[in-house]
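Q: One structure is given below, represented as structure tokens, and several questions about it will come after.
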Amino acid sequence: TVDGKTTEFFWQGDHLVAEHSQDHHRSYVYEPGTFRPLAMLDGKGPRKACPFYYQLDHLGTPQELTDYSGDIIWAARYTAYGRLTRLNRDTHQVLDQPLRFQGQYFDAETGLHYNRHRYYNPDVGRYLTPDPSKLAGGLNGYQYTRNPAGWVDPLGLSECPGGDGCKKPSFGDEDPAGKARVYEGGPGTPSPKRENHYLYRGDDREPWEIFEAGFEPLGDSTDLYMHALDNRSPPSYFVSTSTNENEAKKFATGYWLDDGYVYVLKNISGIDVNKELGMISPHRREVEIAIPGGVKNHDIVGATPVRDDGSYKGYSIPNPYRKQP
Numbered sequence: 001t002v003d004g005k006t007t008e009f010f011w012q013g014d015h016l017v018a019e020h021s022q023d024h025h026r027s028y029v030y031e032p033g034t035f036r037p038l039a040m041l042d043g044k045g046p047r048k049a050c051p052f053y054y055q056l057d058h059l060g061t062p063q064e065l066t067d068y069s070g071d072i073i074w075a076a077r078y079t080a081y082g083r084l085t086r087l088n089r090d091t092h093q094v095l096d097q098p099l100r101f102q103g104q105y106f107d108a109e110t111g112l113h114y115n116r117h118r119y120y121n122p123d124v125g126r127y128l129t130p131d132p133s134k135l136a137g138g139l140n141g142y143q144y145t146r147n148p149a150g151w152v153d154p155l156g157l158s159e160c161p162g163g164d165g166c167k168k169p170s171f172g173d174e175d176p177a178g179k180a181r182v183y184e185g186g187p188g189t190p191s192p193k194r195e196n197h198y199l200y201r202g203d204d205r206e207p208w209e210i211f212e213a214g215f216e217p218l219g220d221s222t223d224l225y226m227h228a229l230d231n232r233s234p235p236s237y238f239v240s241t242s243t244n245e246n247e248a249k250k251f252a253t254g255y256w257l258d259d260g261y262v263y264v265l266k267n268i269s270g271i272d273v274n275k276e277l278g279m280i281s282p283h284r285r286e287v288e289i290a291i292p293g294g295v296k297n298h299d300i301v302g303a304t305p306v307r308d309d310g311s312y313k314g315y316s317i318p319n320p321y322r323k324q325p
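Numbers 1 to 325, taken from the working numbering, label the letters of the sequence shown in order.
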């Protein structure tokens with residue numbers, strides 16, 4: 001509520017789909033499965049709603065808004081970090097267009113961009129609060145992206161390191177080149193390769209303990225999204241595994257801080273988190289397979305010690321309780 005005027009916002013999942021006040025209604029349409037806006041419908045109802053169409057850059061940032069005849073009603077230019085540097089509007093039809101980087105909404109009262117899970121300041125190119133996903137978002141918790149000319153962060157959650165390429169939308173950076181049909185050719189979505197014979201899990205606990213008890217869940221929450229975001233809050237019914245051995249090393253070492261173990265598991269039945277959650281999967285690069293109810297000790301093949309730099313040391317340790325083929 002500002003100056004006695006209340007505006008209500010309507011969400012479909014993580015997408016802002018409409019806003020409504022006493023004298024105004026507006027809705028937004030997006031490309032299927034993305035945060036790239038297609039059209040704005042200004043007005044309420046099929047008779048009063050006037051369509052305007054978004055013209056986007058390679059990042060999915062609105063550059064122009066055109067009416068049904070193709071005339072430009074609204075046009076803007078930005079710095080690399082999203083600060084508005086020029087705004088042109090039709091003098092006969094003043095129209096506010098609040099969408100900025102993918103997933104961001106311009107708050108006229110503060111000058112900030114609401115980025116779903118936190119506020120972004122385009123003047124300094126940083127978030128106001130640290131990354132809610134904590135270390136999963138990288139060491140710089142206030143950073144937008146390392147490459148704002150090539151990556152976006154529709155949910156304001158975690159950074160995707162650009163060294164090996166970011167993927168489709170997630171809780172964190174996404175590669176716009178992997179989304180729109182007009183700029184295909186970028187890296188695709190990481191997907192667990194089901195032909196793999198094994199799953200992997202990184203852990204700092206000793207093999208004798210794991211071989212005896214298996215991997216037990218922390219609790220009874222069956223909310224897959226909350227599990228993927230943080231399996232400790234609430235305590236999850238799922239146990240995390242990955243088809244990517246290097247991802248397991250990361251967890252075994254506490255993000256390269258200490259020695260640990262990579263456990264090899266039989267490719268047992270589980271839930272493909274990226275496939276199940278789609279674009280809201282928080283950490284797509286982990287290519288997680290969530291095992292409901294835990295991993296039985298006889299499904300663990302063995303463990304290999306790993307140094308804090310990710311290199312293996314010594315010999316692999318077979319599990320004496322493993323299920324024989």
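Every residue gets a Cβ at the ideal spot worked out from N, C-alpha and C, and that includes glycine.
Since we're looking at a predicted model, the values are computed, not measured.
So what's ILE210 in DSSP terms, helix, strand or just coil?
A: helix
Q: Label GLY4 either buried or exposed according to how many other C-beta atoms from any shown protein chain fall within 10 Å of its C-beta, with 16 as the threshold for buried.
A: Counting Cβ neighbours within 10 Å, GLY4 comes out exposed, since fewer than 16 surround it.
Q: So if DSSP puts LEU157 in a beta bridge, which residue, or which two residues, is it bridged to?
A: The partner list for LEU157 (beta bridge, DSSP) is empty, contrary to what the question assumes.
Q: Could you say if the segment 20-31 and the segment 40-55 meet the contact criterion of at least three C-beta pairs nearer than 8 Å?
A: yes
Q: Looking only at DSSP bridge pairs, what is SER133 linked to?
A: Looking at the DSSP assignment, SER133 forms no beta bridge with any residue, so it has no partner.
Q: Rounded to a whole number of angstroms, what is the C-alpha to C-alpha distance between GLY141 and ASP131?
A: 5 Å
Q: Tell me where the beta strand (DSSP E) around LYS266 begins and ends.
A: 260-266
Q: Suppose contacts are defined by Cβ-Cβ distances below 9 Å. Is ILE60 in contact with GLN102 by that definition?
A: As written in the sequence, residue 60 is Gly, which differs from the Ile given in the question. In this structure, GLN102 lies closer than 9 Å to GLY60 by Cβ.
Q: Name the two residues that bound the continuous alpha helix (DSSP H) containing MET226.
A: 224-229
Q: Taking only three categories from DSSP, how would you classify GLU184?
A: Note on GLU184: pLDDT 35, under 50, position unreliable in the model; the coordinate value appears next. Correct three-state label for GLU184: coil.
Q: Might you give, ordered along the chain, the residues of its own chain that have their beta carbon closer than 6 Å to the beta carbon of TRP74, omitting 5 neighbours on each side?
A: LEU65, ARG89, LEU95, GLN97
Q: Applying the 10 Å Cβ sphere with the 16-neighbour rule, what's the burial state of LEU112?
A: Under this definition LEU112 is a buried residue.
Q: By Cβ distance, which residues of its chain are closer than 6 Å to GLU31, with the 5 residues on each side in sequence left out?
A: LEU38
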